[in-house]
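Going down the list, the protein sequences come from chains V and D. Going by my numbering, the first sequence opens with residue 1, and the numbers climb by one from there. Going by my numbering, the second sequence opens with residue 1001, and the numbers climb by one from there. The C-beta atom is built at its ideal place from N, Cα and C for all residues, glycine as well. What follows is a single structure, written as structure tokens, with notes after it.
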Amino acid sequence: DQQVKQNSPSLSVQEGRISILNCDYTNSMFDYFLWYKKYPAEGPTFLISISSIKDKNEDGRFTVFLNKSAKHLSLHIVPSQPGDSAVYFCAALNYGGSQGNLIFGKGTKLSVKP
Amino acid sequence: DAGVIQSPRHEVTEMGQEVTLRCKPISGHDYLFWYRQTMMRGLELLIYFNNNVPIDDSGMPEDRFSAKMPNASFSTLKIQPSEPRDSAVYFCASSWGQGVAEAFFGQGTRLTVV
């Protein structure tokens, strides 16, 4: 059973608008969450992260929100740009367990149209 | 540093043949991960090493898969014999061991088994 779920395989947004990518998790032991971005023919690259002791982390146009009670996090991109078009992976880590237990969702393909 | 380096970038092989994928992690990183990406299962962790020692190989699909890390700057993932269902993109990633650190991914090896 998937512990990290990204239920939307794809999302299309107009340039300049907000993109909201969602992620749900089932394991309450997860205490750190990360978002990765992946362009075709490249490896995923780290985008932004959040610790479970926080509910929001912001970095420029990117903000991640964490709702622990709902076991839900989201990535907001404002304003969206065509260069943001990529696959976005949500990942969760049980840091208390091991650095290596980084579990990924299946990804959401974001298309930002000019 | 040039980042995580994987070779080859593409591999096409016949069913039953042995396949070896190679990875050079970022210098100084003490965690190394092997992931496999497929449409059906997304990014799956196959195995990871800490200080060259395999820590968790529970994601390795079956005995046909093996991984080694003979030193801090090199790791291999071997499939013997290969099968068409092994076709996927295989990523290697590395990270620091201090604190929670994001993993840095290589560009991946696209494996096609015919």
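Legend entry - Burial state of P44 (chain V), where buried means 16 or more other Cβ atoms lie within 10 Å: The count along the first sequence starts at 1 and reaches residue 44 (chain V) at position 44. By the 10 Å Cβ count, P44 (chain V) comes out buried.
Inset, instruction - For the beta strand (DSSP E) containing S19 (chain V), list its first residue and its last residue. - result: Position 19 of the first sequence, counting from 1, holds the residue named residue 19 (chain V). Residues 19-25.
Legend entry - Exposure of D1086 (chain D), with buried meaning 16 or more beta-carbon neighbours within 10 Å: Position 86 of the second sequence, counting from 1, holds the residue named residue 1086 (chain D). Residue burial is scored here from C-beta neighbours: D1086 (chain D) has at least 16 other C-beta atoms within 10 angstroms and is therefore classed as buried.
Inset, instruction - Would you tell me roughly how many angstroms separate the C-alpha atoms of Q1006 (chain D) and G1106 (chain D), rounded to the nearest one? - result: Here residue 1006 (chain D) refers to the residue found at position 6 of the second sequence. Here residue 1106 (chain D) refers to the residue found at position 106 of the second sequence. If I take the Cα positions, the gap works out to 6 angstroms.
Inset, instruction - Report the residue from V:N22, V:L47, V:L21 whose alpha carbon sits nearest the alpha carbon of D1101 (chain D). - result: Here residue 1101 (chain D) corresponds to residue number 101 of the second sequence, with the count starting at 1. For the record, residue 1101 (chain D) in the displayed sequence is Ala; it is not Asp. Cα-wise, what sits closest to A1101 (chain D) is V:L47.
Legend entry - Three-state secondary structure assigned by DSSP to G83 (chain V): One-based indexing of the first sequence puts residue 83 (chain V) at position 83. Residue state, collapsed to three classes: helix.
Inset, instruction - Determine, using beta carbons only, whether E1018 (chain D) comes closer than 8 angstroms to chain A. - result: Of the chains in the structure shown, none is chain A; the protein chains are V and D.
Inset, instruction - Could you list which residues in chain V have their beta carbon closer than 9 angstroms to that of F1091 (chain D), in chain order? - result: Walking along the second sequence from the start, residue 1091 (chain D) turns up at place 91. Simply G43, P44.
Inset, instruction - Look at H72 (chain V) and D24 (chain V) and say whether their C-beta atoms are less than 8 angstroms apart. - result: By one-based count along the first sequence, residue 72 (chain V) stands at place 72. By one-based count along the first sequence, residue 24 (chain V) stands at place 24. Result yes, Cβ atoms of H72 (chain V) and D24 (chain V) sit closer than 8 angstroms.
Legend entry - Proximity of V1012 (chain D) and V1089 (chain D) at Cβ, strictly below 8 angstroms: What you label residue 1012 (chain D) is simply residue 12 of the second sequence in a count that begins at 1. What you label residue 1089 (chain D) is simply residue 89 of the second sequence in a count that begins at 1. The answer is no: Cβ separation not under 8 angstroms.
Inset, instruction - State the DSSP-derived secondary structure class of Q1084 (chain D), mapped to helix, strand or coil. - result: Indexing the second sequence from 1 puts residue 1084 (chain D) at position 84. Note on residue identity: the sequence assigns Pro, not Gln, to residue 1084 (chain D). Residue state for P1084 (chain D) is assigned as helix, using DSSP reduced to three classes.
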